[in-house]
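Structure first, commentary second.
Residue numbers (the working numbering): 68 to 438.
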């Protein structure tokens with residue numbers, strides 16, 4: 068049976084036949100023997116985009132390749148729980164900083180892997196990596212709730228915060244808490260840290276972009292608080308509508324920034340998931356369906372498109388872009404048990420401990436409802 072034939076009628080036509088297979092094959096073709104997934108062959112790998120590509124592999128059923136990708140994070144994690152900003156060909160490429168949202172994202176990837184595989188032994192095996200990473204990240208949280216974006220080469224905090232980065236951390240904290248609860252481990256300071264971070268994202272805009280120009284021109288600052296669950300319900304719908312015409316180009320997708328004629332595939336995928344999270348399915352499907360024009364014959368997707376020039380730019384097919392395509396496809400078509408991770412984020416109840424499988428979310432809390 069083809070991928071399209073396996074879909075319910077309401078989701079048929081979201082992607083071409085062979086999309087999942089070809090997309091995963093492209094990511095596999097770029098993965099290195101040690102498990103690292105660089106942006107593309109000859110490029111660097113960073114911990115966040117590496118995880119995004121690994122989640123794409125898991126969605127396609129390539130669990131061994133995904134697990135190998137997470138093992139690479141085990142093998143390269145520093146003693147303090149962090150990773151450097153970039154790696155290339157088995158060595159550190161950028162030792163200037165370690166970024167907090169990059170470090171936290173391992174929790175999202177491991178929880179996503181578990182939701183698909185149901186492998187509780189694997190969850191236990193990766194727990195120490197997640198724990199060290201989250202402790203590092205929460206060590207950068209201020210009394211106001213926001214989390215510093217990075218530390219420098221000597222480990223000194225770079226004292227400012229990013230809305231997009233902190234939103235990603237908010238989702239990662241949700242996933243880390245769920246891992247802890249599934250394993251029967253109590254981490255109340257993770258929960259209080261998540262609560263404070265959500266409150267900062269919703270009510271303390273002055274705590275972000277304090278030492279540099281505002282990042283408001285970037286579309287991710289607009290929709291990431293919705294995508295990651297920090298803003299939900301009516302507030303999320305209002306937020307997306309307020310800047311819709313500023314960032315969305317009808318028939319093409321989502322701009323990366325509001326002052327350049329450049330739409331990007333990954334941002335468009337993430338916007339589609341944010342729309343789905345707010346109940347705007349028709350809009351989400353419309354954004355997503357138009358992206359397949361930028362798939363190449365090898366299964367990769369070009370990163371972006373400059374529409375006045377009718378040209379792809381940059382001339383790169385990034386693995387994380389393909390990962391984002393697979394995540395959006397899963398969210399829209401329900402391909403795996405992890406399909407709701409970015410559209411209906413949930414905290415497990417504390418009683419849901421040490422339970423085999425993934426179908427026991429009978430008691431949950433919607434992301435953003437507690438702060």
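Note that beta-carbon positions come from the ideal geometry of N, C-alpha and C, so glycine has one too.
- Query: What runs of the alpha helix (DSSP H), each 4 residues or longer, lie entirely inside the region 176-260?
  - Reply: 187-205 and 230-249
- How long is the line joining the alpha carbons of residue 328 and residue 187, rounded to whole angstroms? 46 Å
- In chain order, what residues of the same chain have a beta carbon less than 8 Å from the beta carbon of residue 171, not counting five sequence neighbours either side? 200, 201, 204, 235, 236, 239, 240 and 243
- Could you give the DSSP three-state label for residue 321: helix, strand or coil? strand
- May I ask which residues mark the beginning and end of the alpha helix (DSSP H) holding residue 124? 114-126
- Name, in chain order, the residues that DSSP records as bridge partners for residue 168. BP columns for residue 168 are empty, so no partner.
- Item | Inter-residue spacing [alpha-carbon to alpha-carbon] between residue 90 and residue 139 | 21 Å
- Task: Return the CA-CA distance between residue 411 and residue 175, expressed in angstroms with no decimal places.
- Result: 14 Å
- Report buried or exposed for residue 249, applying the criterion of at least 16 other Cβ atoms within 10 angstroms of its Cβ. buried
- Message: If I measure Cβ to Cβ from residue 76 and keep anything under 6 Å in the same chain, skipping five residues before and after, which residues do I get?
- Response: For residue 76, the pLDDT reaches just 42, beneath the cut-off of 50, and the residue's location in the model is therefore unreliable, leaving the point undetermined.
- How would you label residue 108, buried or exposed, when you count the other beta carbons within 10 angstroms and need 16 or more for buried? exposed
- Message: The beta strand (DSSP E) that contains residue 372, what's its start and end?
- Response: 371-373
- Item | Inter-residue Cα distance where the pair is residue 178 and residue 246 | 6 Å
- Do the CB positions of residue 115 and residue 380 come within less than 9 Å of each other? no
- Write down the C-beta distance between residue 120 and residue 390 rounded to the nearest angstrom, noting that I regard them as a contact closer than 8 Å. 4 Å
- Task: Whole angstroms is fine: what's the gap from residue 223's alpha carbon to residue 270's?
- Result: 27 Å
- Hey, residue 336 and residue 314 are a contact pair by Cβ (cut 8 Å); roughly how many whole angstroms apart? Contact doesn't hold; Cβ gap of about 14 Å is too wide.
- Item | Helix, strand or coil at residue 298 [DSSP, three-state] | coil
- Separation of residue 196 from residue 147, as counted between CA atoms: 10 Å
- Message: So, at 6 Å on beta carbons, what are the nonlocal neighbours of residue 80 in its own chain, with the 5 sequence-adjacent residues on each side left out?
- Response: none
- Query: From 151, 259 and 125, pick the residue whose C-alpha is nearest to that of residue 181; which is it?
  - Reply: 125
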